[in-house]
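Written below as structure tokens is the structure these notes are about.
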Amino acid sequence: MAPTTHSHDQEPRGQFAWWSVRRWTTLAAVTMTIRREGPADHRAVEELTRDAFWGLFAPRCDEHLVVHLLRGSPALVPELDVVAEVDGELVGHVVYSRARVVEPTTGAEHPVLTFGPLSVRPDRQGDGIGGALMRHTLAAAAELGHRAVVVYGHPDYYPRFGFRPAAAVGITAPGGASFDALMALPLVPGGLDGVTGEFHEDPVFVVDPERVAEFDRGFPPRPDAVLHPMEVIEGRLPAAATQRLRGLGIGHLEDLRRLSRAEVAAGAGLDDEASDALRALLAEHGIPWGSPRGHSAWTGAVDVS
Numbered sequence: 148m149a150p151t152t153h154s155h156d157q158e159p160r161g162q163f164a165w166w167s168v169r170r171w172t173t174l175a176a177v178t179m180t181i182r183r184e185g186p187a188d189h190r191a192v193e194e195l196t197r198d199a200f201w202g203l204f205a206p207r208c209d210e211h212l213v214v215h216l217l218r219g220s221p222a223l224v225p226e227l228d229v230v231a232e233v234d235g236e237l238v239g240h241v242v243y244s245r246a247r248v249v250e251p252t253t254g255a256e257h258p259v260l261t262f263g264p265l266s267v268r269p270d271r272q273g274d275g276i277g278g279a280l281m282r283h284t285l286a287a288a289a290e291l292g293h294r295a296v297v298v299y300g301h302p303d304y305y306p307r308f309g310f311r312p313a314a315a316v317g318i319t320a321p322g323g324a325s326f327d328a329l330m331a332l333p334l335v336p337g338g339l340d341g342v343t344g345e346f347h348e349d350p351v352f353v354v355d356p357e358r359v360a361e362f363d364r365g366f367p368p369r370p371d372a373v374l375h376p377m378e379v380i381e382g383r384l385p386a387a388a389t390q391r392l393r394g395l396g397i398g399h400l401e402d403l404r405r406l407s408r409a410e411v412a413a414g415a416g417l418d419d420e421a422s423d424a425l426r427a428l429l430a431e432h433g434i435p436w437g438s439p440r441g442h443s444a445w446t447g448a449v450d451v452s
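Sequential numbering from 148 applies to the sequence shown in the numbering used here.
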């Protein structure tokens, strides 16, 4: 979440980390195994997903329940439910499911794929594991005969794999909403030709908070993550810009992860200097944002089994 060669990474948290030459040299001697998830992996994958997403967008997370529910959904694509292992330890996971783009006027449906959650163990984020999973599964999806992928994801990250705003090809969220985090990728030439309308995922992606809380009680207890309120940047950006950020629905700095740099700049009226200042402020609080200035890539061998 090929690739039997180097690839860029995607990590839910810390995806823009840079590593020392010593670490690169060490990784070059390591082999990553990418294989299908099996029943024996289920609990470990859910724990990994919970660890990767905890506090990323909210004090807790629900992605581990989504993974659990997808396994029982007819939308699941088992061939694209894969894990990554390094030294025999589970370090990453991604899962794909069937989705559809529906033309609102005619009701015509176009089958597409979507994916997620894509999870990397927190202590291995920045090693290129997420990118290896992505490149492997996108290639495998094409080999399986799928024509296109549509996803809600990091709008400054997924373009490196060829994704572009879905609105550019006439695909919107239900109700016609459009934003940079909704992206599309043809897997074959012409894979998105004539595919227009509203994107619909499987219902398992909409989870009830009470069900999440009940499911989470089966995992080791952990405190809620503390999010960073907007007040921490007051006085660091022009007051008008801070107010406009609030107008975009930004209540915590973590909310900015869902928006592209271009969206925030346009919505808050930020020039390049102010956008750079905001990026630096977020970095101070451990929140990567915007297109990375450098990419981590897996430098070792990749064994696909």
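For each residue, glycine too, the CB sits at the ideal point set by N, CA and C.
{"Query": "DSSP three-state assignment for H347, whether helix, strand or coil", "Result": "strand"}
{"Query": "Inter-stretch contact (C-beta, 8 Å, three-pair minimum) for the region 230 to 237 and the region 316 to 328", "Result": "no"}
{"Query": "Segment limits, beta strand (DSSP E) that includes D450", "Result": "A448 to V451"}
{"Query": "Closest by C-alpha distance to E348, when choosing among P264, H189, F200 and H375", "Result": "P264"}
{"Query": "Three-state class that DSSP yields for R183 in the structure shown", "Result": "strand"}
{"Query": "Classification of V296 by the beta-carbon crowding that lies within 10 angstroms, buried from 16 upward", "Result": "buried"}
{"Query": "Spatially closest choice to L395 from V411, I380, F308 and P186, by CA coordinates", "Result": "V411"}
{"Query": "Cβ-Cβ distance between V449 and A279 below 7 Å", "Result": "yes"}
{"Query": "Reduced DSSP secondary structure (H/G/I, E/B, other) of Y299", "Result": "strand"}
{"Query": "R190 versus P356 - alpha carbon distance", "Result": "20 Å"}
{"Query": "Residue span of the beta strand (DSSP E) that contains G239, given as start and end", "Result": "E236 to V249"}
{"Query": "Straight-line gap, P251 to A314 (C-alpha atoms, nearest Å)", "Result": "15 Å"}
{"Query": "Residues of its chain near G309, where Cβ-Cβ distance is below 7 Å and the 5 sequence neighbours each way are ignored", "Result": "L332"}
{"Query": "Option in G382, F362, R271 and D340 with minimal Cα separation from E236", "Result": "R271"}
{"Query": "Candidates T196, R197 and A409, of which the one nearest Y304 by Cα", "Result": "A409"}
{"Query": "Simplified DSSP state of S438, which is helix, strand or coil", "Result": "coil"}
{"Query": "Local Cβ density within 10 Å of F366, reported as buried at 16 or more and exposed below that", "Result": "exposed"}
{"Query": "Opposing strand residues paired with E256 [DSSP bridges]", "Result": "V249"}
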